[in-house]
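Here the protein sequences come in this chain order: F and C. For any residue, its number in this note's numbering is found by taking its place in the first sequence, counting from 1, and adding 9. For any residue, its number in this note's numbering is found by taking its place in the second sequence, counting from 1, and adding 23. Remarks on the structure that follows.
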Amino acid sequence: MAMKYLKSTAFYVLVVFIVVQALFPFYYAIITSFKSGSHIFEITYLPNDFSLQNYKDVLFKGNGTFIRNFWNSIVIATSTVVLSLFIAVTASYALSRVRFRGRSLMLMTILAVSMFPQIAVLAGLFELIKGLGIYNTPYALIFAYTIFTLPFTVWVLTTFMRDLPIEIEEAAIVDGATPWVIIRRVFLPLMWPALVTTGLLAFIAAWNEFLFALTFTSSMDTRTVPVGISMLSGNSEHEIPWGMIMAASVIVTLPLIALVLIFQRKIISGLTAGGVKG
Amino acid sequence: MAATQVLSKDTSVPMKNELLAGRTRAAMIFLLPMMLALAIVAGWPLLRSIWFSFTDASLVHLYEAKFVGFKNYLNWIDLPSGKRVYTGVLVDKGWWNAVWNTLRFGTVSVVLETIFGLAVALVLNAEFKGRGIVRAAILVPWAIPTVVSAKMWAWMLNDQLGIVNDMLQRLGIITEKIAWAADANYSMAAVLMVDIWKTTPFMALLILAGLQMVPKDVYEAAEIDGVHPVKVFFKVTLPLIKPALMVAVIFRLMDAMRIFDLIYVLTPNSSQTKTMSVISRENLFDFDKFAYGSAESTLLFVFLLIMVTAYIKFAKVNLDGSTQ
Chain F
10 MAMKYLKSTA
20 FYVLVVFIVV
30 QALFPFYYAI
40 ITSFKSGSHI
50 FEITYLPNDF
60 SLQNYKDVLF
70 KGNGTFIRNF
80 WNSIVIATST
90 VVLSLFIAVT
100 ASYALSRVRF
110 RGRSLMLMTI
120 LAVSMFPQIA
130 VLAGLFELIK
140 GLGIYNTPYA
150 LIFAYTIFTL
160 PFTVWVLTTF
170 MRDLPIEIEE
180 AAIVDGATPW
190 VIIRRVFLPL
200 MWPALVTTGL
210 LAFIAAWNEF
220 LFALTFTSSM
230 DTRTVPVGIS
240 MLSGNSEHEI
250 PWGMIMAASV
260 IVTLPLIALV
270 LIFQRKIISG
280 LTAGGVKG
Chain C
24 MAATQVLSKD
34 TSVPMKNELL
44 AGRTRAAMIF
54 LLPMMLALAI
64 VAGWPLLRSI
74 WFSFTDASLV
84 HLYEAKFVGF
94 KNYLNWIDLP
104 SGKRVYTGVL
114 VDKGWWNAVW
124 NTLRFGTVSV
134 VLETIFGLAV
144 ALVLNAEFKG
154 RGIVRAAILV
164 PWAIPTVVSA
174 KMWAWMLNDQ
184 LGIVNDMLQR
194 LGIITEKIAW
204 AADANYSMAA
214 VLMVDIWKTT
224 PFMALLILAG
234 LQMVPKDVYE
244 AAEIDGVHPV
254 KVFFKVTLPL
264 IKPALMVAVI
274 FRLMDAMRIF
284 DLIYVLTPNS
294 SQTKTMSVIS
304 RENLFDFDKF
314 AYGSAESTLL
324 FVFLLIMVTA
334 YIKFAKVNLD
344 GSTQ
C-alpha cells in the first residue's frame with residue numbers, strides 16, 4: 010500500500026515537472042514584459058511590477074514598425090495558406106482516389122520536398138526572386154513559403170482523403186458526375202475539418218519562418234515579425250531592451266497559443282498524420 | 024469478387040476502362056498546378072543553386088557567372104617553391120568545423136529528444152486526472168516561434184540577469200555565473216537546451232500516437248503473467264512502437280541537420296555552434312562568396328540525401344505509414 014502511494018506521488022511529481030518546464034519560459038517572458046525601469050535588473054520568480062511601458066514602447070516607438078511587421082506576417086501567412094490549400098485540394102484528390110502509374114513515386118517526391126533543407130534552394134530562390142522583381146515585397150515570401158506549405162498540405166490532405174470510404178464516391182460516379190463535380194460536391198463538404206487543421210499548421214509554419222524572411226526582405230517595413238524581433242535593439246549597441254523584446258514575444262505568441270489551445274485535438278491529429286516539422 | 028477486394032484495399036473505385044481513362048486524365052490535370060508550383064519554387068532553385076556552386080558567381084555579378092568546374096569544392100595552386108596549396112570547401116577548416124557541429128548537435132539533440140519524448144509520451148498514455156492539461160501545456164513550447172524561444176531563453180540564460188544561473192546557484196550546482204550563450208564552452212549546451220525544450224513535445228506526440236495503437240489487452244496479459252513493467256516496456260511496448268519511433272526520428276533528424284534560426288539568434292558569434300546552414304548563408308550573403316556558399320549548401324543537400332536514403336534502406340522505414 011505504501012509502495013503504491015509512493016509510486017503515484019512520484020508519478021505526479023513527474024507530471025508537475027513536465028508542465029512547469031513547458032510553461033515556465035513563457036511565464037517568465039510575461040512577468041519580464043511587465044517590468045519597467047530598474048525592476049528588470051531584479052531576478053524574481055513572481056511578478057513584482059505591472060507596467061505597460063514595454064508594450065507601449067514596442068507598439069508605438071519606432072513609427073509603428075512592429076505593427077507593420079505584424080500585419081506583414083498576417084498577410085503573408087494567410088495568403089500562403091490559401092494558395093497552398095487551393096492547389097492541394099485537387100492534387101490530393103488525384104493522389105488519393107485515382108490509381109495511376111508513378112503515384113507512389115510522386116508521393117515520395119512530395120515528402121522529399123517537405124524535408125528539404127531550405128538552405129539548399131536559397132541561392133537559386135534569391136536569383137529567381139530578384140529576376141521576378143519581387144525582392145523585398147510580401148510576394149517574395151508568399152512565393153517562397155509555398156516550398157514547405159504546399160508539400161505539407163498535399164501530404165496531410167492525401168492521407169485524410171485516402172481514409173474516406175469508397176461508397177461516398179460510387180453513387181456520384183454512377184450518376185455520371187465528373188471528377189471536378191465530385192471534388193466540389195462530395196469531398197469539399199466532408200473536408201472542412203481537415204482543411205482547417207492543415208491550414209492552421211501551415212499557417213503556424215509560415216508565421217514562424219525565419220531564414221527566407223531574413224534573406225528576401227531588406228527594409229524595416231517589409232520584414233515579418235520573427236525578423237523584426239531578432240533585430241530589436243536599444244539605444245546603444247550594448248544595451249539590449251529585454252523588456253521590449255519580451256513584450257514583443259508575448260504579443261506574437263499569444264495568438265498562436267490561443268489557436269493551439271482551441272484546436273488542440275485537431276492539431277495533434279494533423280501533426281501525427283503529417284509529421285510536420287516543429 | 025476477389026478483384027474487388029484487392030482493389031478495395033485502395034480507395035480507388037473499381038470501374039470500366041473508358042471511365043478509368045477519363046478519371047486518370049482528370050487526375051493528371053488536377054496534379055498539374057501542384058507539379059508546376061513545386062518545379063518552379065523547389066526544383067528550379069535547387070538546380071540553380073547547384074549550378075552556382077560550379078561558377079564564380081558573386082552577389083553583385085549573379086548573371087555574369089562563369090563555369091569554373093570543381094574549383095569551389097577543391098582547387099590547388101603550385102607555388103614557385105614547388106609547394107602545392109589546396110583551397111576550396113573540402114579543405115576548409117571552418118566548413119569541417121561546421122559539419123562536426125551539425126553532427127554533434129543533430130545526434131545529441133535527437134537522442135535526448137527521443138528519450139524525453141518517450142518519457143512524456145508514456146506519462147500521457149497513462150490515465151490520470153489532468154491529462155488534458157498536460158497535453159495542452161506541452162503544446163506551448165511547440166507553438167512558440169523559434170526566434171521568440173531563442174530570445175526568451177537568451178534572456179533566461181543571461182550571465183548576470185538570467186534566472187537559470189540564479190536557480191543553479193540557489194541549488195548549489197554552480198558557484199560562479201555562466202555566460203551560457205557567449206562562452207564557447209557552454210554555447211552548444213545552451214543551443215541544445217532550447218532545442219530539446221522546444222522539440223520534445225513534437226516527439227512525444229508522434230510517439231504517443233504510436234503508443235495508442237498498442238492494444239490494451241497486451242498489457243493486461245503481461246500483468247496477469249506477472250511480468251515486470253520494465254521488461255514489458257522493452258519486450259512488448261518498444262518493439263510495437265518501433266515503426267512510429269523510426270519515422271519520428273528521421274523527421275527530427277532531417278530537421279536538426281538543417282538548423283539555422285535558433286543558432287543565428289541565440290549564439291550568433293560562437294564558432295562552437297556554427298552549423299552547415301549558418302556557415303553557408305554567411306558565405307552566400309554576408310561575405311559575398313556566393314558561389315562558395317552555394318557549394319556548401321549543395322554539400323549539405325547531398326549529405327542529407329545520402330543520410331535519408333541510408334536510413335530508409337537500413338531501418339526499413341515506410342514513410343507513408345502503411346504496413347510493410
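All C-beta atoms in this analysis are idealised placements derived from N, C-alpha and C, irrespective of residue type, glycine included.
- Among the residues of chain F, those whose CB is under 7 Å from the CB of C:D189 are I52, following chain order.
- Separation of the CB atoms of F:F219 and C:V170 is rounded to 5 Å, and the pair is thereby assigned contact status at 8 Å.
- Annotation for C:D101: the continuous beta strand (DSSP E) segment containing it runs 98-101.
- With its beta carbon less than 8 Å from one in chain F, C:L184 belongs to the interface.
- For C:R107, the enclosing beta strand (DSSP E) starts and ends at 107-110.
- The Cβ atoms of F:V259 and F:I96 do not sit closer than 8 Å to each other.
- Note on geometry: alpha-carbon atoms of C:I63 and F:L61 lie some 47 Å from one another.
- Taking 8 Å as the cut-off, the Cβ atoms of F:A129 and C:S72 count as close.
- Think of a sphere of 7 Å around the beta carbon of F:Y102: the chain C residues whose beta carbon falls inside it are F53, in chain order.
- Using a Cβ-Cβ distance cut-off of 8 Å, the region 153-165 of chain F and the region 68-75 of chain F are not in contact, since fewer than three pairs of beta carbons, one from each stretch, lie closer than that value.
- Taking a Cβ-Cβ cut-off of 8 Å, C:P238 has no neighbours in chain F, whose nearest Cβ is about 18 Å from it.
- Within chain F, the C-beta atoms nearer than 7 Å to that of C:K174 come from I238, I254, S258, in chain order.
- C:R127 does not reach chain F, its nearest Cβ partner there being about 17 Å away, counting only Cβ pairs nearer than 9 Å.
- Taking C:I138 as reference, the option from C:R48, C:H84, C:K200, C:A271 with the minimal CA-CA separation is C:A271.
- Here C:A44 is exposed, its C-beta having fewer than 16 other C-beta atoms within 10 Å.
- By the Cβ rule, the region 150-169 of chain C counts as touching the region 17-32 of chain F, because three or more pairs are nearer than 8 Å.
- Buried is the label assigned to C:P164, since at least 16 other Cβ atoms lie within 10 Å of its Cβ.
- Judged by their CB atoms, C:W176 and C:V131 are not nearer to each other than the 8 Å cut-off.
- At a cut-off of 8 Å between beta-carbon atoms, F:Q273 makes contact with chain C.
- Around the beta-carbon of F:F221, 16 or more other beta-carbon atoms lie within 10 Å, marking it buried.
- For the options F:I52, F:A31, F:S42, the alpha carbon positioned closest to that of C:L180 is the one of F:I52.
- The beta carbon of C:M299 lies closer than 7 Å to those of A121, V122, T125, E319, L323 in the same chain, with the five residues before and after it left out.
- Contact of F:Y37 with chain C by beta-carbon distance below 9 Å involves M175, W178, M179, I186.
- Under the 8 Å Cβ criterion, the region 170-183 of chain F counts as touching the region 101-120 of chain F, having at least three qualifying pairs.
- Contacts with chain C at 8 Å (Cβ-Cβ) do not include F:A214.
- Against chain C, the beta carbon of F:N57 has no neighbour under 9 Å; the closest one sits roughly 13 Å away.
- Counting only runs of at least 4 residues, the region 59-102 of chain C fully encloses the following alpha helix (DSSP H) elements, listed from N- to C-terminal order: 67-75.
- Interface with chain C (8 Å Cβ-Cβ cutoff): F:E136 is included.
- As the crow flies, the alpha-carbon of C:I286 is around 9 Å from that of C:M211.
- Counting only the Cα atoms, F:E248 lies some 33 Å from C:A160.
- Using a Cβ-Cβ cut-off of 8 Å, F:A86 does not count as an interface residue toward chain C, since no Cβ of chain C sits closer than that to its own.
- Looking from the CA of C:L162, the closest CA among F:S278, F:I238, F:T224 belongs to F:S278.
- Relative to the Cα of C:A88, the nearest Cα in the group C:D79, C:A207, C:M58, C:G185 belongs to C:D79.
- In this structure, DSSP gives F:H48 a helical state, which the three-state scheme calls helix.
- Residue contact with chain F for C:M269: absent (no Cβ-Cβ distance below 8 Å to any residue of chain F).
- Just measuring C-alpha positions, the residue of C:F283, C:F308, C:N292, C:R275 sitting nearest C:M330 is C:R275.
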